[in-house]
Amino acid sequence: MTIIEKPSTSNVPSVTDAGAEYDELLDRLTDGSIHRSFDPYRDIDWESPEFAVVENDRRWILPHIDPLGAHPWYQALPEDKQIAIGMYRQANVAKVGLQFEQILIGGFMQHISRLPNRSAEFRYATHEVIEECNHTLMFQELVNRTGTDVRGLGPFMRRIAPLLPIAARPFPSIFFMGVLAGEEPIDHIQKSYLRSDGDYHPTLEGVMRIHVAEEARHISFAHEFLRQRVPQHGPFARFVLSLVYPIVLRVLCNAIVVPPPEFWSEFDIPRSVKKDLFWRTKESRATLRSYFGDLRMLGEDIGLMNPVAKLLWKLLKIDGRASRFRSEPERTPARRAA
Ligand SMILES: [Fe+2]
Ligand SMILES: [Fe+2]
144 MTIIEKPSTS
154 NVPSVTDAGA
164 EYDELLDRLT
174 DGSIHRSFDP
184 YRDIDWESPE
194 FAVVENDRRW
204 ILPHIDPLGA
214 HPWYQALPED
224 KQIAIGMYRQ
234 ANVAKVGLQF
244 EQILIGGFMQ
254 HISRLPNRSA
264 EFRYATHEVI
274 EECNHTLMFQ
284 ELVNRTGTDV
294 RGLGPFMRRI
304 APLLPIAARP
314 FPSIFFMGVL
324 AGEEPIDHIQ
334 KSYLRSDGDY
344 HPTLEGVMRI
354 HVAEEARHIS
364 FAHEFLRQRV
374 PQHGPFARFV
384 LSLVYPIVLR
394 VLCNAIVVPP
404 PEFWSEFDIP
414 RSVKKDLFWR
424 TKESRATLRS
434 YFGDLRMLGE
444 DIGLMNPVAK
454 LLWKLLKIDG
464 RASRFRSEPE
474 RTPARRAA
């Protein structure tokens, strides 16, 4: 089985040798990183009075597009409690984003440390690391300004997080599946905020706008990396990857979108509410499926959708229609769930 790869040398075909088209794409992405990138301290006016975090600010109330915001239990709470929960939840989402990106940065450094001279992949991936470092700065700034002491990921993931980047070196394809498992749901959620007409706290909006703009490049890279890399594996390794792919997506998606135990206990949120949101109701299951349309398309395109894999996608409750193109607007949840 060849999921474990030998380090690249000038004699070993690497992703950079795999095609001029791939190198051209990497050059375009690099160009974007150079000319269309953001700085969280230059492009967000943190000190503006409008950005101040003040008591009883209704802009922290969770909107309907947030599953908890749409839940009758939350909506029945007094306004000050809705604000407190909303602020904590948004801060925790930022902290999870930060922790996920720290794993990504660590894995990228493992991966690029073995790329050869003149590698277009080295140049682009290093730009991406710089952008992700900026994202961790702005996410931490948001957390700090809310004054909440959020923990981010759950206790198990917090413990194993430092070990995950090590996987990038022997298992680059699996590592990049993990990258997409985090980037796609986070991007999906942030886009739904930006597309809605809610009156959000401007800090939140500024952070999301920068993040969505730069994640478009990151997600393109991870997709193209897997399009290049997966077909290079032999049939048995591809079969194994076809099973690993949906498992990685589902496990990491859960780790990223389900708030940690501290959140539920801090606000005495009933267990039944947690179950409704993750993933007992029909609406919540449709939301879960909706995160993965682009990744089902990628799976089909790179030969990871055999009958056994399809069954696994179904068992993991992330099956459904594949997107026809990246970022294809969703159908309504009710239609998707049908
Ligand atoms: Fe990011
Ligand atoms: Fe990213």
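Residues in the sequence shown are numbered consecutively from 144, following this note's numbering.
In this text, a Cβ means the ideal position worked out from N, Cα and C, and glycines have one as well.
Keep in mind it's a predicted model, so treat the numbers as computed, not measured.
What residue range is occupied by the uninterrupted alpha helix (DSSP H) comprising residue i?
i	result
residue 406	404-409
residue 164	163-178
residue 325	315-338
residue 270	263-289
residue 252	222-255
residue 444	436-444
residue 184	183-186
residue 385	378-400
residue 203	From DSSP, residue 203 is part of no alpha helix (DSSP H); its letter is neither H nor E.
residue 346	345-372
residue 303	298-303
residue 450	450-458
residue 429	425-433
residue 414	414-418
residue 215	215-218
For residue i, which of the options has the nearest alpha-carbon?
i	options	result
residue 439	366, 371, 267	366
residue 357	173, 162, 456, 166	173
residue 289	239, 304, 227	227
residue 280	185, 421, 458, 223	185
residue 359	377, 294, 333, 382	333
residue 237	295, 306, 320, 343	295
residue 311	249, 368, 323	249
residue 166	397, 413, 364, 426	364
residue 212	232, 198, 196	232
residue 164	180, 253, 264, 302	264
residue 256	229, 387, 315	315
residue 473	436, 339, 445	436
residue 181	390, 277, 447	277
residue 217	419, 299, 383	419
residue 254	245, 243, 241, 268	268
residue 200	321, 343, 317	343
residue 97	304, 223, 260, 187	Here the chain comprises residues numbered 144 to 481, so residue 97 is not present and cannot be evaluated.
residue 177	407, 336, 266, 205	266
residue 377	197, 284, 308, 445	445
residue 385	395, 369, 409, 398	369
residue 432	458, 293, 271, 383	458
residue 323	230, 464, 393, 409	393
residue 298	234, 283, 398, 170	398
Comparing the CB of residue i with every heavy atom of ligand 1, is any distance shorter than 7 Å?
i	result
residue 344	no
residue 244	yes
residue 552	Because the chain spans 144 through 481 in this model, residue 552 falls outside it and cannot be assessed.
residue 278	yes
residue 354	yes
Kindly examine ligand 3 and report whether one of its heavy atoms sits closer than 7 Å to the Cβ of residue i.
i	result
residue 270	In terms of ligand content, the structure shown lacks ligand 3 and carries ligand 1 and ligand 2 instead.
Give a yes or no on whether 8 Å exceeds the smallest Cβ distance from residue i to chain B.
i	result
residue 419	Absence of chain B from the displayed structure is noted, only one protein chain being present.
- [ ] With a cut-off of 6 Å, give the chain-ordered residues whose Cβ is closer than this to any heavy atom of ligand 2.
- [x] In chain order, the hits are 275, 326, 358, 361.
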